[in-house]
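Colleague:
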Amino acid sequence: MSIYTKTGDKGTTALFDGNRVKKYDDRVETYGSFDELNAEISVAEKFVTSHENKTLLRNVERQLFYVCAELATEDESALLSKIVITEDDINELEKVIDAYTLKLPKVDSFVLPGSSKAGAFLHSARTIARRAERLLVRFSEQTAVRNELLKFVNRLSDFLYILAREEDFRQMLDKATKLIVAKYLEQTEQKPSTTSDLSFSFCEKLMHQVQVVSEEVGVPVTLAIVDAHGNARFNYRMEHALLVSAELATKKAYSAVAMKTSTEKLTEAVQPGAPLYQLETLTNGDIVTFGGGVPIYGKDGAIIGGMGISGGSVEEDIHIAKKALSMIEKG
0 MSIYTKTGDK GTTALFDGNR VKKYDDRVET YGSFDELNAE ISVAEKFVTS
50 HENKTLLRNV ERQLFYVCAE LATEDESALL SKIVITEDDI NELEKVIDAY
100 TLKLPKVDSF VLPGSSKAGA FLHSARTIAR RAERLLVRFS EQTAVRNELL
150 KFVNRLSDFL YILAREEDFR QMLDKATKLI VAKYLEQTEQ KPSTTSDLSF
200 SFCEKLMHQV QVVSEEVGVP VTLAIVDAHG NARFNYRMEH ALLVSAELAT
250 KKAYSAVAMK TSTEKLTEAV QPGAPLYQLE TLTNGDIVTF GGGVPIYGKD
300 GAIIGGMGIS GGSVEEDIHI AKKALSMIEK G
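Residue numbers for the sequence shown follow numbering that gives the first Met the number 0, so the first one is 0 and each next one is one higher.
1. The beta strand (DSSP E) with I308 in it runs from where to where?
2. Do V220 and I308 have their beta-carbon atoms positioned less than 8 Å apart in this structure?
3. Give the range of the alpha helix (DSSP H) segment to which V136 is assigned.
4. Based on DSSP bridge pairs, tell me the residues matched to A223.
5. In whole angstroms, what separates the C-alpha of E69 from that of V59?
6. G292 bridges to which residues according to DSSP?
7. Taking 8 Å as the cut-off, does the stretch 198 to 208 touch the stretch 278 to 287 (at least 3 CB pairs, one atom from each stretch)?
8. With H, G and I counted as helix, E and B as strand and the rest as coil, what does DSSP make of Y183?
9. Helix, strand or coil for G31? Go by DSSP, reduced to three states.
10. With distances taken between CB atoms, is the gap from V42 to L56 smaller than 8 Å?
11. Taking 6 Å as the limit between beta carbons, can you name the residues of its chain near K250, skipping five residues before and five after?
12. If contacts are defined as beta-carbon pairs under 8 Å, then A323 and V212 qualify, I think. What distance do you get, rounded to the angstrom?
13. I believe N52 touches E165 by the beta-carbon criterion, under 8 Å. Please report the beta-carbon distance rounded to the nearest angstrom.
14. Can you check which of these residues, G291, G300, K298 and D299, is closest to V362 by C-alpha distance?
15. Could you check which residue in I127, L135, A71 and Y235 has the C-alpha nearest to that of F199?
16. Which term fits L101, buried or exposed, when burial requires 16 or more other beta carbons within 10 angstroms of its beta carbon?
17. Can you list, in chain order, the residues of its chain whose CB lies under 6 Å from that of K94, leaving out five sequence neighbours each side?
And the structure:
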């Protein structure tokens, strides 16, 4: 059976309830824009690298079918048999927006639209969503439109914006990590076998070695240890260590895990013009790029955690961290 019906040859189109209107009717222009938005979201979904984001976008694609169906139905009684957007759908978008906003760096200026392919397509979809919303608002001044539909469409552009930022940010970190690993880790950093896990016994032994080395240097420090996911596992602040050393040691340990290298090796890569320029700013200060953070490797050569030392000069922190860890390895 042919896909063309010839019923639209005279410039009209059929709505879902069977009524016919002009193809340039505001109703058709409005749901046609949401159809366009759905197609752009489908393109973006093919480029996102997060399974969670793919699932979120596919769900929105289904919801946009419901939006188009409602807008393409002139007879309100016909909506009773259709799935429509509800307050729960609005709440789900808001939950995602709030959760992603919390985990992303704060933005104090305009964001260029997309540093990754996924981000670029999501920003493109966002602009279509805004245009479709403008058409919907204009249409609602002529014909009754449910408030839930207006609210959902308003949240949708914010949802696409925050997903674009999340994809850009995460892909930037992934790219940065691969760059660091390729440029520094494989060439210059050995992968010593240290321990099979981050047990309390291991952390305690490392603490004692840090104390021995720090006393040799004459600088009280803070030791922080995180697991392979950056979660805190152990923290010890020596007497008289600088108060700020507690926060810095944790950030150094986290950075060593997140970037898969000793933190002093990041210094060159974040200089103006270098590949990771402004990395600390983009990560809201969670990643530090000066010495004192060292990855901890397991017996199979995989990173199982990171340690951070803070309290002395950069050179002293590096020395204490690496010597204490090497003493554990020899032991």
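Beta carbons are placed, not taken as given, at the ideal position from N, Cα and C, and that holds for glycine. Since the structure is predicted, the reported quantities are computational estimates derived from the model, not experimental observations.
Modeller: Let me lay it out:
1. I302 to S309
2. yes
3. Where V136 is concerned, the enclosing alpha helix (DSSP H) stretches over K116 to S139.
4. N234 and G307
5. CA-to-CA, the gap between E69 and V59 works out to about 15 Å.
6. G307
7. Taking 8 Å as the limit for Cβ pairs, the verdict is that the stretch 198 to 208 does not touch the stretch 278 to 287.
8. Reliability fails at Y183, whose pLDDT of 48 lies under 50, so the model's placement of it is uncertain and the value that follows must be treated cautiously. Correct three-state label for Y183: helix.
9. helix
10. no
11. V287
12. Confirmed, about 5 Å.
13. 7 Å
14. The requested residue 362 is not part of the displayed model; the chain covers only 0 to 330.
15. Y235
16. exposed
17. none
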